[in-house]
Amino acid sequence: MSAHVTPRALTRTLQMTLAGSSDVHDVVVRVWLPERDPAQGGDFRVLVEIDGFDEPYSRYFCGVDELQAFLAGCAIVPRIVTMLAPAGARLTWLGEDDLGFGTPSAIP
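Sequence positions in the sequence shown follow our numbering and run 41 to 148.
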């Protein structure tokens, strides 16, 4: 019998194709589970990490409770990957343009 281990982060792997190329690169997105913000009077925060571009990305997003912080972290991912992706890149998840974060992909 195996012990159940609660994940500390939810991970999604996106595929990026550069304009004029058939090479596919993985972009790994991790949205960490909410934690109390250590700032005085802080609410909750989640860490969003993105690997697969020239520079790794890591930033906290906050909310008044765990759910708001988690949803804020997920909702911002499509905008962040759009800013980090090279011009003309196409990002997909499971072969679709919808990256599956509850908001439409910003990269057509």
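Beta carbons are placed, not taken as given, at the ideal position from N, Cα and C, and that holds for glycine.
Reducing DSSP to helix, strand and coil, say where residue i ends up.
i    : result
A146 : Its pLDDT being 49, under 50, A146 is placed unreliably by the model, and nothing is read from it.
Q80  : coil
E106 : helix
A49  : strand
L54  : strand
L111 : helix
L124 : helix
L131 : strand
One question on the structure: do residue i and residue j come within less than 8 Å of each other, judged by their Cβ atoms?
i   : j    : result
D77 : R85  : yes
L54 : T132 : yes
G92 : D63  : no
Is it buried or exposed for residue i, if we count other Cβ within 10 angstroms and need 16 for buried?
i    : result
P148 : With a pLDDT of 47 at P148, under the threshold of 50, the modelled position of that residue is not reliable, and no figure is offered here.
V121 : buried
Here's a check: name, in chain order, each residue in its chain whose Cβ is nearer than 6 Å to the Cβ of residue i, leaving out the five neighbours to either side.
i    : result
Y100 : R85 and L87
Ignore the nearest five residues each way along the sequence and tell me which others in residue i's own chain have a CB closer than 8 Å to its CB.
i    : result
F110 : V71, L73, P74, V86 and G103
Once the 5 residues before and after residue i are set aside, which same chain residues still bring their CB inside 7 Å of it?
i    : result
F141 : C114, A115, V117 and P118
P126 : L58
A146 : Only weak support exists for where A146 lies, its pLDDT of 49 falling under 50; the coordinates are left without a value.
Kindly identify the DSSP beta-bridge partner or partners of residue i.
i    : result
R119 : Beta-bridge pairing links R119 to no other residue.
D66  : Q55
S98  : E89
For residue i, would you say it is in contact with chain B, using Cβ-to-Cβ distances shorter than 8 Å as the test?
i   : result
F84 : Absence of chain B from the displayed structure is noted, only one protein chain being present.
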